[in-house]
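Participant: Quick note: the sequence shown uses my numbering, first residue 23, plus one each step.
Ideal Cβ positions, reconstructed from N, Cα and C, are used throughout, including at glycine.
Everything numeric in this text was worked out from a predicted model, so none of it was measured.
Would you mind keeping the following structure in view while I ask a few things?
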Amino acid sequence: MGRAAGGGAGMSTVLYDMPGPRAVARNRVVNMVVVTALVAALAWISYRLVHTGQFEGRRWEQFQYTAVQEQLFDGLLNTLKAAGIAAVLATAYGVVFASARISDHAWLRVPASAVVELFRATPMLILMFFFYYGSLQYDLGLSPMWAVVLGLTLYNGSVLAEIFRAGIAAVPRGQREAANAIGLRKTQVVQLILLPQAVRAMLPAIVSQLVVLLKDTALGFIITYNELLYVGRQMGSRLEFGFPYLPTYMVIAVVYIGLCAMFTVLAHRLESQGRRQHKSSVPMSAEAPVPARAHAPAGRR
Numbered sequence: 023m024g025r026a027a028g029g030g031a032g033m034s035t036v037l038y039d040m041p042g043p044r045a046v047a048r049n050r051v052v053n054m055v056v057v058t059a060l061v062a063a064l065a066w067i068s069y070r071l072v073h074t075g076q077f078e079g080r081r082w083e084q085f086q087y088t089a090v091q092e093q094l095f096d097g098l099l100n101t102l103k104a105a106g107i108a109a110v111l112a113t114a115y116g117v118v119f120a121s122a123r124i125s126d127h128a129w130l131r132v133p134a135s136a137v138v139e140l141f142r143a144t145p146m147l148i149l150m151f152f153f154y155y156g157s158l159q160y161d162l163g164l165s166p167m168w169a170v171v172l173g174l175t176l177y178n179g180s181v182l183a184e185i186f187r188a189g190i191a192a193v194p195r196g197q198r199e200a201a202n203a204i205g206l207r208k209t210q211v212v213q214l215i216l217l218p219q220a221v222r223a224m225l226p227a228i229v230s231q232l233v234v235l236l237k238d239t240a241l242g243f244i245i246t247y248n249e250l251l252y253v254g255r256q257m258g259s260r261l262e263f264g265f266p267y268l269p270t271y272m273v274i275a276v277v278y279i280g281l282c283a284m285f286t287v288l289a290h291r292l293e294s295q296g297r298r299q300h301k302s303s304v305p306m307s308a309e310a311p312v313p314a315r316a317h318a319p320a321g322r323r
């Protein structure tokens with residue numbers, strides 16, 4: 023059962039070999055060792071947290087105050103605002119540059135490829151520094167929020183451009199040829215035929231990149247953008263609550279995990295809905311075609 027017959031030459035290729043008794047015993051021992059090590063590591067971390075007083079009441083007391091809750095809520099709103107604006111701009115950027123990269127015109131394709139590769143290779147924090155400190159030096163009046171948004175847009179938009187381009191390349195070539203045969207222009211082929219199928223095929227990768235974009239808003243605290251992590255750093259530095267850095271960052275981590283989980287669930291629902299709509303839009307094929315000779319005169323049979 024572990025071997026599959028080859029082609030006409032009669033050769034056999036090993037696809038999978040069932041583990042023997044020794045291999046099964048070895049795998050069980052390895053699994054037990056790994057699980058034991060993980061449990062021991064979690065127990066040691068919990069002990070250290072308790073021993074250093076991270077679960078003391080005064081370190082968590084600040085979350086009961088309305089002012090602290092409002093401060094966290096403001097940081098959350100700023101995080102969502104920057105992520106929302108950057109997601110829209112990055113998606114538009116990705117669509118435009120993906121379309122340019124598959125252009126037949128070299129004067130459009132080559133510069134677009136250079137721009138995408140440039141911003142993909144540049145660390146996002148450097149892009150944020152560029153806009154933030156450049157604005158300060160030349161008195162451009164760019165706020166920290168827009169420095170964060172532009173940095174997120176350029177980097178994630180370049181990654182999305184590659185994702186869209188890969189999705190377009192995965193569309194069967196026959197569909198493009200059929201669209202050209204009925205007289206559609208290149209832009210119409212991309213907009214009506216290629217991009218919708220590319221988005222549907224690459225939706226998991228697009229969602230993953232947008233989740234990365236959401237989490238990368240946390241880099242904004244370095245340039246004093248009042249987002250969730252920046253608020254958390256301010257809350258953790260309060261002496262009257264015993265410098266509750268770890269409790270504060272635990273709460274913020276739970277918020278980020280919840281946001282990413284909600285975004286992922288929403289994306290899965292959109293993907294399922296898109297698949298159902300795609301299936302329902304397939305032309306009905308149940309009706310049998312009418313034979314060409316069905317209405318022929320009886321005398322010509």
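Which residue spans inside the segment 193-226 form an unbroken alpha helix (DSSP H) run of at least 4?
Facilitator: Listed in chain order, the complete alpha helix (DSSP H) runs (minimum 4 residues) inside the segment 193-226 are 195-203 and 217-223.
Participant: Less than 8 Å between the CB atoms is what I'm expecting for A120 and A183, so what's the real figure, rounded?
Facilitator: The pair is a contact, with the Cβ atoms about 5 Å apart (cut-off 8 Å).
Participant: The alpha helix (DSSP H) that contains M40, what's its start and end?
Facilitator: Taken as a continuous stretch (DSSP letters only), M40 belongs to no alpha helix (DSSP H), as it is neither H nor E.
Participant: Which residues in the same chain have their Cβ closer than 7 Å to the Cβ of R255, if we skip the five residues on either side of it in sequence?
Facilitator: Correct list, in chain order: F243.
Participant: Taking contact to mean at least 3 C-beta pairs separated by less than 8 Å, is the segment 181-200 in contact with the segment 209-220?
Facilitator: As far as the Cβ criterion goes, the segment 181-200 touches the segment 209-220, which means the pair count is three or higher.
Participant: Pull up the distance between the alpha-carbon of V287 and that of L225, whole angstroms please.
Facilitator: Approximately 13 Å between the Cα atoms of the pair.
Participant: Tell me where the alpha helix (DSSP H) around Q159 begins and ends.
Facilitator: Looking at the DSSP string, the run of the alpha helix (DSSP H) that includes Q159 is M146 to Y160.
Participant: For G264, does the three-state DSSP call read helix, strand or coil?
Facilitator: G264 falls in the coil class under three-state DSSP.
Participant: Is the CB-CB distance between L241 and A109 below 7 Å?
Facilitator: No, the Cβ-Cβ distance between L241 and A109 is not below 7 Å.
Participant: CB-CB under 7 Å to S259, same chain, minus the five flanking residues each way: which ones, in chain order?
Facilitator: Closer than 7 Å at the Cβ level, and outside the excluded window around S259, lie F265.
Participant: Where does G3 sit, in a helix, a strand or coil, going by DSSP?
Facilitator: Only positions 23 to 323 of the chain appear in this structure, which leaves residue 3 out of reach.
Participant: Helix, strand or coil, according to DSSP, for D126 in the structure here?
Facilitator: In the structure shown, D126 sits in coil (DSSP, three-state: anything other than H, G, I, E or B).
Participant: Going by other Cβ atoms of all chains shown within 10 Å of its Cβ, with 16 needed for buried, is M40 buried or exposed?
Facilitator: Exposed, since its Cβ has fewer than 16 Cβ neighbours within 10 Å.
Participant: In chain order, what residues of the same chain have a beta carbon less than 8 Å from the beta carbon of V90, not counting five sequence neighbours either side?
Facilitator: Excluding positions up to five away in sequence, the list reads Q84 and M257.
Participant: Identify the continuous alpha helix (DSSP H) that holds L164 and give its terminal residues.
Facilitator: No alpha helix (DSSP H) holds L164; DSSP gives it neither H nor E.
Participant: With DSSP run on the structure shown, which of helix, strand or coil describes T239?
Facilitator: It is helical.
Participant: Using the C-alpha atoms, what's the distance from A203 back to I148?
Facilitator: Looking at the two C-alpha atoms, the distance is approximately 47 Å.
Participant: Restricting to Cα atoms, I'd like to know which of V273, Y267 and S230 is closest to M284.
Facilitator: With distances taken between Cα atoms, M284 lies closest to S230.
Participant: Output the distance between the C-alpha atoms of T113 and L71, rounded to the nearest integer angstrom.
Facilitator: Distance between the alpha carbons of T113 and L71 is about 42 Å.
Participant: Judging by CA-CA distance, which residue of S294, I274 and P269 is the nearest neighbour of E78?
Facilitator: Comparing Cα-Cα distances from E78 to each of S294, I274 and P269, the minimum goes to P269.
Participant: For G179 versus G106, is the C-beta spacing smaller than 7 Å?
Facilitator: Cβ distance not < 7 Å, so G179 and G106 don't count as in contact.
Participant: Give the range of the alpha helix (DSSP H) segment to which Y252 is assigned.
Facilitator: Looking at the DSSP string, the run of the alpha helix (DSSP H) that includes Y252 is L250 to G258.
Participant: Would you mind sorting P166 into buried or exposed? The rule is 16 or more other CB atoms within 10 Å of its CB.
Facilitator: That one is buried.
Participant: Applying the 10 Å Cβ sphere with the 16-neighbour rule, what's the burial state of A291?
Facilitator: Inspection of the sequence shows that residue 291 is occupied by Arg rather than by Ala. By the neighbour-count rule (16 or more Cβ atoms within 10 Å), R291 is not buried but exposed.
Participant: Measure the beta-carbon distance from R239 to T101 and round it to whole angstroms, keeping in mind my assumption that it falls under 8 Å.
Facilitator: What sits at residue 239 in the sequence shown is Thr, not Arg. T239 to T101, Cβ: 5 Å. Contact.
Participant: Kindly give me the distance between the Cβ atoms of I228 and I190, rounded to whole angstroms, as I take these residues to be in contact under 8 Å.
Facilitator: That pair is no contact at about 13 Å.
Participant: Could you tell me the distance, in whole angstroms, from the CA atom of Y252 to the CA atom of T144?
Facilitator: Y252 and T144: Cα-Cα distance of roughly 24 Å.
Participant: Spatial neighbours of R142 within its chain, please: CB distance less than 8 Å, with the 5 preceding and 5 following residues excluded, ordered by chain position.
Facilitator: If we look at R142 and ignore the five residues flanking it on each side, its Cβ neighbours are Y177, S180, V181 and E184.
Participant: On a Cα-Cα basis, can you pick out the residue from Y69, Y155 and V170 that is closest to L249?
Facilitator: Note that residue 249 corresponds to Glu in the displayed sequence, not to Leu. Ranking the options by Cα distance to E249, first place goes to V170.
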